[in-house]
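Enquirer: The structure follows.
Here it is as structure tokens:
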């Protein structure tokens with residue numbers, strides 16, 4: 002499989018005169034391969050095909066759709082090492098990380114396939130008729146149906162697991178929605194390889210070509226046109242707050258507004274409870290820097306804020322962390338844009354009298370009073386940068402937490418003696434986040450049933466959802482009720498004979514599958 | 002229990018110099034009782050109390066919260082006949098309808114109480130740790146938590162079942178959210194009586210007073226201030242499209258945008274399939290008018306559009322419907338505003354050359370081509386008004402459906418010989434609506450597990466939800482994941498011993514309760 006810079010619209014390869022180039026992350030040099038810049042005609046054609054495919058794809062039997070998703074995983078594996086090499090060049094991420102991410106990507110697809118087969122997501126609910134009641138009750142049957150074509154915007158920091166065939170695409174396919182991907186310009190070769198794999202799966206499974214299209218491009222206008230297309234019914238996005246909010250605004254202004262699931266920004270507060278800090282200051286400092294520097298700090302769940310009681314134990318934590326940070330290898334950042342934003346964010350902290358730099362790395366400290374007084378101290382600096390907030394007592398810890406915006410995660414480091422004090426802190430934290438951890442570090446997001454990678458605004462644009470884990474499917478579904486519908490016209494999930502052998506709820510009682 | 006025109010803020014009765022009066026629906030005369038107009042101070046105080054109550058109310062054991070909701074139902078029944086008499090006077094709705102609606106309201110509360118106890122809504126999901134995996138997997142536990150204080154805007158057309166203690170309030174209480182009601186000015190006495198009943202339940206159950214407050218008022222500014230208050234985390238609304246969209250806009254402009262669940266408008270298309278129409282034209286015409294005139298046409302699910310093939314059978318349907326409509330008693334409308342909007346809507350159809358009035362009532366007909374060419378023919382006229390679209394063939398029927406906006410319901414009238422032709426029509430309809438009926442009429446919304454009273458925009462502002470039935474709870478919940486949290490700090494729903502005896506999903510397997 003080779004990269005030629007095409008736009009993939011269903012089964013067609015499209016070239017355009019307008020092109021863009023990717024940049025080698027390690028050197029900053031422009032790479033030779035030109036990539037076609039998709040335009041509004043391409044958007045319209047991809048969306049028209051997606052709409053055409055929507056009914057048939059959405060009505061596939063769970064087994065058939067699951068088999069397609071598994072075929073995508075196999076096709077990605079079949080790309081071979083050129084996928085890893087291309088991604089290494091375009092992103093600067095090391096081989097081991099990308100090989101792991103490929104495994105995560107295909108594992109994620111297979112987990113969604115299994116979830117599609119399990120069928121609980123259909124939420125099949127039946128209330129049978131009560132003809133003898135006054136007034137009689139009709140037969141009512143409800144299930145989830147797919148929303149329709151979904152636009153997916155990949156993230157630069159996960160060129161495989163959160164890009165073309167990443168979590169959003171897997172969740173949309175699982176829900177029965179065709180996908181049009183706006184390719185990320187930082188890894189267009191990687192994106193094209195994965196797109197060709199998805200296309201091959203669409204073809205080998207005999208599905209309508211509109212189930213998947215790929216629109217590479219470097220302009221904001223391309224993404225805007227995609228979200229504005231009336232055939233698109235939902236949007237998945239992972240990236241900056243500015244980018245996410247721009248798409249939310251475009252979606253809102255449509256004649257028919259649509260949901261945008263944007264995962265945008267988070268500083269992932271870590272609270273060091275007193276007994277844990279006293280007992281493990283050095284170990285915590287080392288482990289903290291391990292999480293902070295992972296992936297050159299370019300994770301949505303990077304620990305950008307540490308909250309703890311002032312005192313000698315916190316001094317020890319900071320000293321250890323500062324030394325560990327100085328010893329860490331210099332990070333290679335994903336894109337020149339991310340590097341520039343990181344430099345600007347660190348410079349803003351350096352020029353802020355309320356934040357004091359600790360040691361050589363971008364580790365800063367401040368006080369609770371200063372943090373609460375200056376909202377800018379709570380802004381995300383994407384990269385290896387973090388801020389320690391010194392508090393005088395647990396009340397100040399609580400005030401700092403109460404002052405935070407919505408976050409993806411929060412972490413409690415606590416020992417047994419901290420449990421009683423931690424309970425009210427936990428209550429505050431869980432109201433602000435999608436995931437709260439004890440004695441771990443927020444980087445590393447497990448793809449599983451119980452995961453929530455989401456959280457209140459502005460961590461995401463819709464805090465009622467997750468973008469990682471099987472629950473992510475529900476973002477692309479809506480309930481529909483069928484009243485007194487002849488059995489032959491009902492979707493199989495709701496038919497009397499339960500031909501799909503689904504777990505269903507009948508007259509309030511949950512039945513085994 | 003007597004009405005004195007107070008604002009109810011927690012346990013306090015508040016009066017204001019600014020007052021408004023309700024209007025007797027039958028006569029249009031102003032009623033003597035002055036009602037305090039709540040102001041921004043009242044909004045702030047009610048929301049502060051709601052926020053204070055939020056943690057404790059949200060953390061109640063399911064049994065305790067269910068008992069509170071049942072106590073609300075009992076307290077509403079204890080108001081006695083003054084509730085019915087007050088509602089009759091303020092709304093013009095007849096006694097039997099209001100007595101039925103009271104039963105629906107208390108039944109709805111009891112159904113939510115039972116649902117709270119059942120516990121499936123908590124969606125407790127556990128993925129246990131895999132310490133021997135490389136890398137090890139943490140213990141992950143997810144459940145739904147309440148969003149926080151909810152603002153509820155009652156509807157004028159259901160002074161009990163969709164007002165102060167109606168579906169939105171019941172769903173929010175069930176989810177664990179305190180409620181601040183913006184009282185509808187068309188039935189303030191009814192609203193105050195029900196509010197006092199809820200307050201008595203809050204007190205007798207020993208709950209924090211902020212669980213419920215009631216803000217009567219006639220100004221849009223009051224509702225706007227309530228939605229803008231930073232302590233409000235979600236909004237439930239039933240009413241006009243203009244009103245709903247105004248609240249959506251206010252919620253969007255907040256520093257922290259919040260979800261608004263607005264149920265706004267629908268013309269509820271009814272498709273008469275050819276064999277059914279030929280066999281039952283007269284019966285369908287009579288039954289159609291029964292649904293159309295129910296509640297003076299003031300139901301969200303009123304059948305405002307009929308789509309059928311042109312021909313003698315449709316002529317017979319129209320003739321029967323027109324005669325039945327002429328014989329129907331003159332409707333008493335809920336408010337002068339609704340009456341004025343109805344008159345204006347009918348006048349617009351009368352002055353539209355594309356719509357022809359049939360008989361004496363507000364029954365109109367047009368052709369498919371004219372309907373598709375003129376979007377204004379698809380606008381809701383709230384009241385006893387409907388439009389029949391004559392189509393030349395089933396392709397035109399499909400085109401008319403494809404041209405429709407999102408709707409709450411769609412109805413198919415079909416006989417056995419229609420089934421094959423109905424399948425593609427049904428596929429089109431189900432993509433547009435929250436509920437699709439066969440051989441029934443859309444008025445009459447059953448409160449049950451399988452009901453969906455929702456639908457794509459602009460039927461509602463969020464087509465992924467319902468405002469009737471137990472599924473309505475999920476509007477006020479969001480998932481939170483706990484990672485490696487000590488058992489003692491976990492909410493009971495996720496603790497190892499499953500003390501609530503909940504149905505849970507563990508490592509992908511759904512366990513019995």
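Residue numbers (my numbering), protein chains in the order written: chain A, 2 to 514; chain B, 2 to 514. Cβ coordinates follow ideal geometry from the N, Cα and C atoms, glycine included.
When the Cα atoms are used, what is the spatial distance from residue 408 (chain A) to residue 437 (chain A)?
Expert: Straight-line Cα distance between these residues: approximately 10 angstroms.
Enquirer: Have a look at the DSSP bridge pairing and note the partners of residue 306 (chain B).
Expert: Paired residues: B:270 and B:388.
Enquirer: Please name the residues in the stretch 144-163 of chain B whose beta-carbon is closer than 7 angstroms to at least one beta-carbon of chain A, in chain order.
Expert: Listed in sequence order: 146.
Enquirer: Using only CA atoms, which one of A:358, A:5 and A:106 lies nearest to residue 35 (chain A)?
Expert: Closest by alpha carbon: A:5.
Enquirer: With a threshold of 6 angstroms on Cβ separation, who are the neighbours of residue 23 (chain A) within its own chain once the five nearest residues in sequence on each side are excluded?
Expert: Counting only Cβ-Cβ distances below 6 angstroms, and skipping sequence neighbours, we find 32, 91 and 189.
Enquirer: What in chain B is Cβ-close to residue 488 (chain A), meaning under 9 angstroms?
Expert: Residues of chain B passing the Cβ test: none, with the nearest at roughly 10 angstroms.
Enquirer: Applying a beta-carbon distance threshold of less than 9 angstroms, which residues of chain B neighbour residue 85 (chain A)?
Expert: The contacting residues do not exist; residue 85 (chain A) stays about 20 angstroms from chain B at best.
Enquirer: Hey, residue 200 (chain A) and residue 213 (chain A): beta-carbon distance below 8 angstroms or not?
Expert: Yes; because the gap between Cβ atoms is below 8 angstroms, this pair is in contact.
Enquirer: So, does the stretch 459-466 of chain A touch the stretch 165-175 of chain B, judging by three or more C-beta pairs under 8 angstroms?
Expert: No, because fewer than three Cβ pairs between the stretch 459-466 of chain A and the stretch 165-175 of chain B fall closer than 8 angstroms, the two stretches do not touch.
Enquirer: Between residue 474 (chain B) and chain A, is any beta-carbon pair separated by less than 8 angstroms?
Expert: No, no contact with chain A.
Enquirer: Would you call the stretch 171-188 of chain A and the stretch 94-113 of chain A touching, i.e. three or more CB-CB distances under 8 angstroms?
Expert: With the cut-off at 8 angstroms, the stretch 171-188 of chain A and the stretch 94-113 of chain A touch.
Enquirer: Helix, strand or coil for residue 347 (chain A) per DSSP?
Expert: Note: residue 347 (chain A) maps to helix in three-state DSSP.
Enquirer: Can you check whether the C-beta of residue 280 (chain B) is within less than 8 angstroms of a C-beta belonging to chain A?
Expert: No, residue 280 (chain B) lies away from the interface with chain A (no Cβ there is under 8 angstroms from its Cβ).
Enquirer: With 8 angstroms set as the bound, which would you pick, yes or no: does the beta-carbon of residue 458 (chain B) sit closer than that to a beta-carbon of chain A?
Expert: Chain A contact via Cβ: present.
Enquirer: Please state whether DSSP places residue 159 (chain A) in a helix, a strand or coil.
Expert: Looking at residue 159 (chain A) - three-state DSSP - the assignment turns out to be coil, as it is neither helix nor strand.
Enquirer: For residue 145 (chain B), which residues of its own chain have a beta-carbon under 7 angstroms away from its beta-carbon, when the five flanking residues on both sides are left out?
Expert: 122, 123, 124, 478, 479 and 480, listed in sequence order.
Enquirer: Could you work out which residues of chain A lie near residue 482 (chain B), taking near to mean beta carbons separated by less than 7 angstroms?
Expert: Within chain A, the residues near residue 482 (chain B) are 435, 436, 451, 452 and 453.
Enquirer: Measure from the C-beta of residue 447 (chain B) to each C-beta in chain A and report whether the shortest distance is under 8 angstroms.
Expert: So yes, residue 447 (chain B) belongs to the interface.
Enquirer: Assuming residue 482 (chain B) is part of the alpha helix (DSSP H), what are its boundary residues?
Expert: It is not in any alpha helix (DSSP H) - residue 482 (chain B) instead sits in the beta strand (DSSP E) that spans 478-484.
Enquirer: Less than 7 angstroms separating the Cβ of residue 453 (chain B) from some heavy atom of the ligand HEM?
Expert: With respect to the ligand HEM, the structure offers nothing, as it holds no ligand at all.
Enquirer: Does the separation of the CB atoms of residue 399 (chain B) and residue 375 (chain B) fall below 8 angstroms?
Expert: Not closer than 8 angstroms, so no.
Enquirer: Name the DSSP beta bridge partners of residue 465 (chain B), please?
Expert: Note: residue 465 (chain B) sits in no beta bridge, so no partner.
Enquirer: Give the secondary structure of residue 204 (chain B) by DSSP, where H, G and I count as helix, E and B as strand, and everything else as coil.
Expert: Here residue 204 (chain B) sits in helix by DSSP.
Enquirer: Less than 8 angstroms separating the beta-carbons of residue 441 (chain A) and residue 454 (chain A)?
Expert: No, the pair does not count as a contact, with Cβ atoms beyond the cut-off.
Enquirer: Applying the criterion that 16 or more other CB atoms from any shown protein chain within 10 Å of the CB defines a buried residue, is residue 135 (chain A) buried or exposed?
Expert: Classification for residue 135 (chain A): exposed.
Enquirer: In angstroms, rounded to a whole number, what distance separates the CA positions of residue 26 (chain B) and residue 337 (chain B)?
Expert: Roughly 8 angstroms between the two C-alpha positions.
Enquirer: Can you have a look at residue 72 (chain B) and say buried or exposed, based on whether 16 or more other CB atoms are within 10 angstroms of its CB?
Expert: Answer is buried; the Cβ neighbour count reaches 16.
Enquirer: Determine the contact status of residue 182 (chain A) and residue 211 (chain A), defining contact as a CB-CB distance below 8 angstroms.
Expert: No, they are not a contact pair.
Enquirer: What is the residue span of the alpha helix (DSSP H) that residue 23 (chain A) lies within?
Expert: Run containing residue 23 (chain A): none in the alpha helix (DSSP H); it sits in the beta strand (DSSP E), 20-24.
Enquirer: Against residue 440 (chain A), what residues of chain B qualify as contacts under a CB-to-CB distance less than 8 angstroms, listed in chain order?
Expert: The contacting residues are 485.
Enquirer: Would you tell me roughly how many angstroms separate the C-alpha atoms of residue 101 (chain B) and residue 82 (chain B), rounded to the nearest one?
Expert: Roughly 13 angstroms separates the two Cα atoms.
Enquirer: Could you tell me how far apart the beta carbons of residue 140 (chain B) and residue 484 (chain B) are, in whole angstroms, since I believe they sit closer than 8 angstroms?
Expert: About 7 angstroms; that satisfies the 8 angstroms criterion.
Enquirer: Against chain B, does residue 126 (chain A) count as a neighbour if the rule is that its beta carbon must be under 8 angstroms from one of theirs?
Expert: It does: the Cβ of residue 126 (chain A) has a partner Cβ on chain B nearer than 8 angstroms.
Enquirer: Using a Cβ distance threshold of 8 angstroms, determine whether the stretch 223-241 of chain A contacts the stretch 64-80 of chain A, with at least three qualifying pairs required.
Expert: No, the stretch 223-241 of chain A is not in contact with the stretch 64-80 of chain A.
Enquirer: Quick one: any contact between the stretch 279-295 of chain B and the stretch 489-501 of chain B, if contact means 3 or more CB pairs under 8 angstroms?
Expert: Judged by Cβ distances under 8 angstroms, the stretch 279-295 of chain B makes no contact with the stretch 489-501 of chain B, as fewer than three pairs qualify.
Enquirer: At least one CB of chain B closer than 8 angstroms to the CB of residue 378 (chain A): is that the case?
Expert: Output row for residue 378 (chain A): interface = no.
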